[in-house]
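Below: one structure, written as structure tokens.
In mature numbering (1 follows the signal peptide of the UniProt record, and there is no 0), the protein residues as written are -24 to -1, 1 to 716.
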């Protein structure tokens, strides 16, 4: 027997532990729970149910900390005691099986999780009324596992059973019904059944709106879910509106460093990124705004989460994806690698998240043209997914498609076809016949046959893809235009110009209806028609198409974009020839032509030609301008950039330093151009591993920007990002955190 005084002490110890747990303070909670268990083990029999409860509490804290193996150890000891001292159908045994099942789900060990949930459901169906809430919990958990395995129809079956019971035995506005609607909404989103998803999320939000205050976190979550559906339907402005509402709610009701705020910041960043990618107008401001939100999210997470928390890995992956899309491959690789490093510490080696990270790295190497490295990563990713996912899971098909693309790019068409065919076979079995992924596979295979010169097979693939799209999409959808363009290209390659023109014209007609008048895809179609008219000898028509295309590209693309390089070079060379004939050899207009031609060659990657023109430009400027003229600084910067891109860091540093010296003489001390030069020199020193010099440059750059720019300006975030990255490279993680 435990004396009253001892019971009082136990009660206080347990209560303090529970309080810390409720506050999310895991380590203090563990300290008190372990003290509580130690006292119990001294004065209670080893198989007492109260000891089992303490073991369960400790397991839960470890679970919440992400220490799954320690959690499993305590949950298993708890279950062992319960199976000794309780009837085999006791609800507490079902509860322990549930806890272990959730843990296995989080570890990605889905078959073990299903085994636990099935046993739990059996116990509850035997010992409880058929409409008991605990039965719905087992059904929901089982549905979640099937959902994670990609077995969406099985998952829906369990979710609907769960919802049916809840609608019978609970009030119509009960939060559990809202939770079930959310689960079905997420599942429908993954199945791309967006109308059903939106219906579920809207009903869920209505329920929560009746019972909860308007600034409750669950209302924010509901807004975020609706935003996700809008995002998938490419309604990015509406998605941004929902995510912003969610952020406003969370900022009012949560602490400034709460992970919930981080999640909303991440969502808003995603929408700005998607607006950038969907508009195709190279609106860099949207991308910069996205990066600002992603970095804010990461800062919060690094303050309030353990350094190897999976959510930090997810943020690193997201920022890596932004850099990947901006073609900043080395920086993207750094973020992806940091993400993978965390995942390999805290997850088992065959966890699906590790497979996803390897897949991302593989795609990056594909874009860099490093195909062997890409294949290594993608093959490892596929191997993991084949172990832990259903054989027809969408992630497996994505891997097969990506590997096929690498072999395609390497020119190994037969190997590529092997992977594309496997991918299409799986998608044909497990997806509706009109699913977008099936048309994607047909398109990939069609492009491959086009490259092989097997035009009839290519036409067969593209025609099937077009049939599917015409059945399930609006008649003016951009994807239909894509199929028409592909078919036109095949007929063009076959020399059937009239048939090709027919398809190109249909494609252009759709694009002119559904896209902005200055969209790059319209320029692409005009180019295709222009080339076709050239081949037919109809030069006036061809010239008209090319002129319209060039007008569009000059409006919607940066002036140095690859699509207008060749035209630009032709015009600039003619301009230079005229100026050299009629102007003095050191006239400023000649330097402008030389600089422009150097810029075009630079952006084409022809660095030696670029240096030739930039150097000629600088030589003239040094003759006819004062030695500290801003134009000389610009030329020095341009030459430094070329050497930087060539990897000749010492020569680059020489020119950048000369540029900075002139800027410091002729510009105000807090001018943004000085900050930009300091940033570039900092990056260069980082590449040379001269971290102290780099830190000095980045710090000066940050000081200038904080003085002369608004506090939320993207360049300030960039400077902070550079400082943090440098501290991380040096291993000075505490100093990195202080920057936030």
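Note that beta-carbon positions come from the ideal geometry of N, C-alpha and C, so glycine has one too.
Straight-line gap, residue i to residue j (C-alpha atoms, nearest Å)
i: residue 634; j: residue 609; result: 7 Å
i: residue 503; j: residue 470; result: 18 Å
i: residue 393; j: residue 306; result: 30 Å
i: residue 72; j: residue 122; result: 20 Å
i: residue 19; j: residue 34; result: 19 Å
i: residue 2; j: residue 343; result: 43 Å
i: residue 294; j: residue 315; result: 9 Å
i: residue 396; j: residue 421; result: 6 Å
i: residue 150; j: residue 134; result: 19 Å
i: residue 146; j: residue 433; result: 58 Å
i: residue 506; j: residue 497; result: 14 Å
i: residue 431; j: residue 488; result: 28 Å
i: residue 718; j: residue 331; result: Only positions -24 to 716 of the chain appear in this structure, which leaves residue 718 out of reach.
i: residue 226; j: residue 140; result: Bear in mind that the predicted position of residue 226 carries a pLDDT of just 41, short of 50, making it unreliable; the figure below should be weighed with that in mind. Cα-Cα distance, rounded: 31 Å.
i: residue 678; j: residue 169; result: 47 Å
i: residue 253; j: residue 299; result: Model confidence at residue 253 stands at a pLDDT of 37, short of 50, so the residue's coordinates are unreliable and nothing is read from them.
i: residue 575; j: residue 88; result: 59 Å
i: residue 290; j: residue 356; result: 19 Å
i: residue 55; j: residue 69; result: 6 Å
i: residue 329; j: residue 4; result: 30 Å
i: residue 36; j: residue 47; result: 7 Å
i: residue 152; j: residue 449; result: 36 Å
i: residue 284; j: residue 42; result: 9 Å
i: residue 182; j: residue 683; result: 47 Å
Where the alpha helix (DSSP H) containing residue i begins and where it ends
i: residue 591; result: 583 to 600
i: residue 302; result: First-last for residue 302: undefined, no H or E at that position.
i: residue 4; result: 2 to 19
i: residue 672; result: 667 to 684
i: residue 580; result: Where residue 580 is concerned, there is no enclosing alpha helix (DSSP H), given that its DSSP letter is neither H nor E.
i: residue 620; result: 606 to 622
i: residue 627; result: 625 to 642
i: residue 344; result: 328 to 344
i: residue 352; result: 347 to 364
i: residue 156; result: 151 to 166
i: residue 654; result: 648 to 663
Cβ-Cβ separation, residue j to residue i (assumed contact under 8 Å), whole Å
i: residue 369; j: residue 125; result: 7 Å
i: residue 373; j: residue 403; result: 5 Å
i: residue 158; j: residue 178; result: Actually they are not in contact, since the Cβ atoms of residue 158 and residue 178 sit about 11 Å apart, beyond 8 Å.
i: residue 676; j: residue 702; result: Contact flag wrong, Cβ pair sits at about 13 Å.
i: residue 457; j: residue 483; result: 5 Å
i: residue 612; j: residue 592; result: Wrong, their Cβ atoms sit about 14 Å apart, outside the cutoff.
i: residue 118; j: residue 97; result: 7 Å
i: residue 156; j: residue 142; result: 6 Å
i: residue 138; j: residue 115; result: 4 Å
i: residue 32; j: residue 51; result: 7 Å
i: residue 308; j: residue 351; result: The Cβ separation is near 19 Å, so there is no contact.
i: residue 363; j: residue 419; result: The Cβ separation is near 29 Å, so there is no contact.
Burial state of residue i, where buried means 16 or more other Cβ atoms lie within 10 Å
i: residue 251; result: Its pLDDT being 38, under 50, residue 251 is placed unreliably by the model, and the measurement read from it follows with that caveat. Answer is buried; the Cβ neighbour count reaches 16.
i: residue 603; result: exposed
i: residue 333; result: buried
i: residue -4; result: buried
i: residue 336; result: buried
i: residue 83; result: buried
i: residue 464; result: buried
i: residue 459; result: buried
i: residue 698; result: buried
i: residue 63; result: exposed
i: residue 519; result: exposed
i: residue 511; result: exposed
i: residue -6; result: exposed
i: residue 710; result: exposed
i: residue 17; result: exposed
i: residue 754; result: This structure leaves residue 754 out entirely; the chain is present only between -24 and 716.
i: residue 700; result: buried
Proximity test, residue i beta-carbon vs the ligand GDP heavy atom, cut-off 8 Å
i: residue 326; result: This structure simply doesn't include the ligand GDP, nor any ligand for that matter.
**Request:** Note down, one range per segment and in chain order, each alpha helix (DSSP H) of at least 4 residues found wholly within the region 37 to 65.
**Result:** 44 to 61
**Message:** Which runs of the alpha helix (DSSP H) at least 4 residues long sit entirely within the region 443 to 516? Give them in chain order.
**Reply:** 454 to 470, 473 to 490 and 496 to 512
**Asked** What are the complete alpha helix (DSSP H) segments, minimum 4 residues, inside the region 53 to 138?
**Response** 67 to 83, 86 to 103 and 109 to 125
**Request:** Pick out the complete alpha helix (DSSP H) segments inside the region 372 to 414, 4 residues or longer, and give them in chain order.
**Result:** 389 to 406
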